[in-house]
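Student:
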Amino acid sequence: HYFVFNPAAGKRATRARLDAALAVLEPNSYTLYTTKGAGDAAAYVRALCKAEPGPKRFYACGGDGTLGEVATGVMGFPETEIGAWPCGSGNDYVKYFGGENRFLDLSRQVKAGSVPVDLMRVGGHCAINAVNLGLEAEAAATMVHIRHHPLFNGKNGYVLGVLSAVTRHMRTECEVTADGLKLHSGPMLTLSLACGKYVGGGFMCAPQSKNDDGLMELALVKPMSRLRLARLIGTYKKGEHLDDPRMLPFINYRRVKEALIEGDRDIRLCLDGEIAIGRRFKVELLPGAARFILPETV
Numbered sequence: 450h451y452f453v454f455n456p457a458a459g460k461r462a463t464r465a466r467l468d469a470a471l472a473v474l475e476p477n478s479y480t481l482y483t484t485k486g487a488g489d490a491a492a493y494v495r496a497l498c499k500a501e502p503g504p505k506r507f508y509a510c511g512g513d514g515t516l517g518e519v520a521t522g523v524m525g526f527p528e529t530e531i532g533a534w535p536c537g538s539g540n541d542y543v544k545y546f547g548g549e550n551r552f553l554d555l556s557r558q559v560k561a562g563s564v565p566v567d568l569m570r571v572g573g574h575c576a577i578n579a580v581n582l583g584l585e586a587e588a589a590a591t592m593v594h595i596r597h598h599p600l601f602n603g604k605n606g607y608v609l610g611v612l613s614a615v616t617r618h619m620r621t622e623c624e625v626t627a628d629g630l631k632l633h634s635g636p637m638l639t640l641s642l643a644c645g646k647y648v649g650g651g652f653m654c655a656p657q658s659k660n661d662d663g664l665m666e667l668a669l670v671k672p673m674s675r676l677r678l679a680r681l682i683g684t685y686k687k688g689e690h691l692d693d694p695r696m697l698p699f700i701n702y703r704r705v706k707e708a709l710i711e712g713d714r715d716i717r718l719c720l721d722g723e724i725a726i727g728r729r730f731k732v733e734l735l736p737g738a739a740r741f742i743l744p745e746t747v
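Printed below as a string of structure tokens:
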């Protein structure tokens with residue numbers, strides 16, 4: 450059992466909470482590793498898998514970004530399993546399974562079975578929850594900068610990020626091709642590709658998503674006025690946007706296996722809350738590429 454702790458995730462008291470959670474385990478039954486920066490979790494996991502082949506369990510002690518890094522690290526090692534001890538600012542992926550509380554008791558986690566889940570690959574990185582661009586990525590970028598402020602952790606930070614993005618980033622110019630079909634060329638408001646259901650600490654971007662069906666949920670939203678967005682943001686938060694007739698003229702929704710995003714200028718892409726910048730991104734669905742540790746419900 451390997452616990453990969455991201456000290457930049459969550460609040461200041463997170464390490465003390467983790468130590469208390471680990472106290473229920475036998476002292477010599479696990480290894481705790483503290484990451485040193487972005488990308489270190491993936492590098493640590495991959496190096497360990499290469500050096501010591503065989504079954505292992507890696508628990509991401511952080512947010513969605515840490516979990517995505519751990520998933521990236523185990524790619525190509527099918528005998529490994531990954532789990533989550535959620536302590537980040539959003540913890541959106543575990544909401545798919547009912548929320549954080551299911552995963553906090555480590556005595557139950559280490560005994561739990563695992564289930565196959567899909568991943569999304571973007572270059573050499575994997576996302577387990579969602580890939581976003583446009584307004585959602587701009588909101589996430591703001592959240593990264595303010596997530597340690599006590600007033601703006603979790604959902605509050607994402608709401609502030611959305612408000613900030615609305616004032617300066619209502620359009621992203623790009624071309625989107627999915628499964629070989631050109632879906633869009635020109636300005637758009639936002640785009641999400643998801644295996645999970647939630648982003649931003651509780652906004653249900655993909656209410657129909659299944660994380661083991663071999664498909665990503667693609668939702669592309671066309672530009673709209675700030676006033677219209679203000680009227681519809683609550684619908685989006687509740688996950689009702691796919692059924693709201695007011696949204697139908699603005700949304701292109703489908704399930705896909707692959708998407709290509711291209712722009713003439715740099716585009717900000719968000720992978721499980723972490724930001725990448727480029728002009729061309731290929732997002733590929735990897736069916737059942739990871740085994741996710743899933744404790745029984747209490």
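Sequential numbering from 450 applies to the sequence shown in the numbering used here. Glycine is no exception: its CB is placed at the ideal position from the N, C-alpha and C atoms.
Touch check for the region 527-537 and the region 637-645: three-plus C-beta pairs under 8 Å?
Tutor: no
Student: How about Asn540 and Gly512: are their beta carbons less than 7 Å apart?
Tutor: yes
Student: Which residue's Cα is closest to the Cα of Leu676: Ala588, Ala490, Met619?
Tutor: Of the candidates Ala588, Ala490, Met619, the residue whose Cα lies closest to the Cα of Leu676 is Met619.
Student: Alpha helix (DSSP H) containing Leu720: first to last residue?
Tutor: Note, Leu720: premise wrong, no alpha helix (DSSP H); beta strand (DSSP E) at 707-720.
Student: For the putative contact between Pro456 and Arg466, defined by C-beta atoms under 8 Å, what is the C-beta separation to the nearest angstrom?
Tutor: In fact, because the Cβ distance is near 12 Å, the residues do not count as touching under 8 Å.
Student: Let me know if Leu516 comes out buried or exposed under the rule of 16 or more other beta-carbons within 10 Å of its beta-carbon.
Tutor: Label assigned to Leu516: buried.
Student: Considering only their Cβ atoms, is the gap separating Pro535 from Glu518 smaller than 7 Å?
Tutor: no
Student: Decide if Arg740 is buried, meaning its Cβ has at least 16 other Cβ atoms within 10 Å, or exposed.
Tutor: buried
Student: In or out: Ile716 buried (at least 16 other Cβ within 10 Å) or exposed?
Tutor: buried
Student: Relative to the alpha-carbon of Glu587, which residue among Gly649, Glu666, Asp692 has its alpha-carbon at the smallest distance?
Tutor: Gly649
Student: When burial is assigned at 16 or more other CB atoms within 10 Å of the CB, is Glu501 buried or exposed?
Tutor: In this structure Glu501 is exposed. Its beta-carbon is surrounded by fewer than 16 other beta-carbon atoms within 10 angstroms.
Student: Since Lys505 contacts Tyr451 with CB under 8 Å, what's their CB separation in whole angstroms?
Tutor: For Lys505 against Tyr451, the beta-carbon gap comes to about 6 Å, under 8 Å, which counts as contact.
Student: Start and end of the alpha helix (DSSP H) containing Arg620?
Tutor: Arg620 -> no alpha helix (DSSP H), and no H or E assigned at all.
Student: Can you pull the DSSP bridge partners for Glu733?
Tutor: Arg570, Glu707
Student: Tell me the DSSP secondary structure of Leu555 in three-state form.
Tutor: helix
Student: Please classify Phe601: does DSSP put it in a helix, a strand, or coil?
Tutor: For Phe601, the predicted model reports a pLDDT of 49, less than 50, meaning its position is unreliable; a value from the coordinates is still stated below. Phe601: coil per DSSP, three-state reduction.
Student: Can you give me the C-alpha to C-alpha distance between Val523 and Ser674, rounded to a whole angstrom?
Tutor: Taking the straight line from one Cα to the other gives about 43 Å.
Student: Do you know how far the Cα of Gly629 is from the Cα of Arg704?
Tutor: 13 Å
Student: Cβ of Val571 within 6 Å of any heavy atom in the ligand NAD?
Tutor: Of ligands this structure carries none, so the ligand NAD is not represented either.
Student: For Ser478, which of helix, strand or coil comes out of DSSP?
Tutor: helix
Student: According to the neighbour-count rule (16 or more other Cβ atoms, all chains shown, within 10 Å of its Cβ), is Pro744 buried or exposed?
Tutor: buried
Student: Indicate the three-state DSSP secondary structure (helix, strand or coil) for Asn701 in the structure shown.
Tutor: Strand at Asn701.
Student: Looking at the structure shown, is Val519 part of a helix, part of a strand, or coil, going by DSSP?
Tutor: The DSSP-derived three-state label of Val519 is helix.
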